[in-house]
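In full-length UniProt numbering, the protein residues as written are 1 to 144. Taking it in order: structure first as structure tokens, then the write-up.
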């Protein structure tokens, strides 16, 4: 999936503002930090959490760089402003991810526009999101 030109600079700005202590509200992005699988350095990216049955989940854009990093090392942190939570990022099986992908367009509406720009969905119907199974992993963020 080719990302729109503004995603990288936008993500860098969100990470920088978060490090200064800015919080983006209850439904706004949090900063996921994982260890780079090759560099060993911390890699930070904004993500939006989904809360289902008291658990936190993160959907990953197809081909997002952080997917390979978190698959190599499940240890991660979620930062909301200056508050940091240690988590283990557990990738869901297709069977467990399917219902969450169907919920995604309603729970995190920003995904609809993002994936529409990437040419992966047309109108944000849950069936379209379910069709991304295997291309768009979902991770459960368990407390570490």
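Just so you know, even glycine gets a beta-carbon here, dropped at the ideal spot from N, CA and C.
In the same chain as residue 70, and ignoring 5 residues on each side of it, the C-beta atoms closer than 7 Å to its own belong to 34, 76, 89, 139, in chain order. For residue 76, the beta-bridge partners assigned by DSSP are 34, 87.
Check the Cα spacing between residue 116 and each of 99, 61, 40, 81: the tightest is with 61.
The bridge partners DSSP lists for residue 57 are 50, 140. Contact check for residue 18 against residue 31 passes: the beta carbons are separated by less than 8 Å.
A Cβ-Cβ separation of about 7 Å places residue 97 in contact with residue 137 under the 8 Å criterion. For the pair residue 126 and residue 104, the Cα-to-Cα distance works out to about 8 Å. Cβ neighbours of residue 47 within its own chain (closer than 7 Å, five residues either side excluded): 29, 30, 32, 58. Looking at 79, 56, 55, 93, the one whose alpha-carbon comes closest to that of residue 133 is 93. Residue pairing by DSSP puts residue 45 in a beta bridge opposite 32.
Per DSSP, residue 113 is one residue of the alpha helix (DSSP H) stretching across 110-117.
Taken atom to atom, the span from the alpha-carbon of residue 72 to that of residue 36 is near 9 Å. Looking only at 130, 43, 106, 144, the smallest Cα-Cα distance to residue 52 is reached by 106. The beta carbons of residue 81 and residue 10 sit no closer together than 8 Å.
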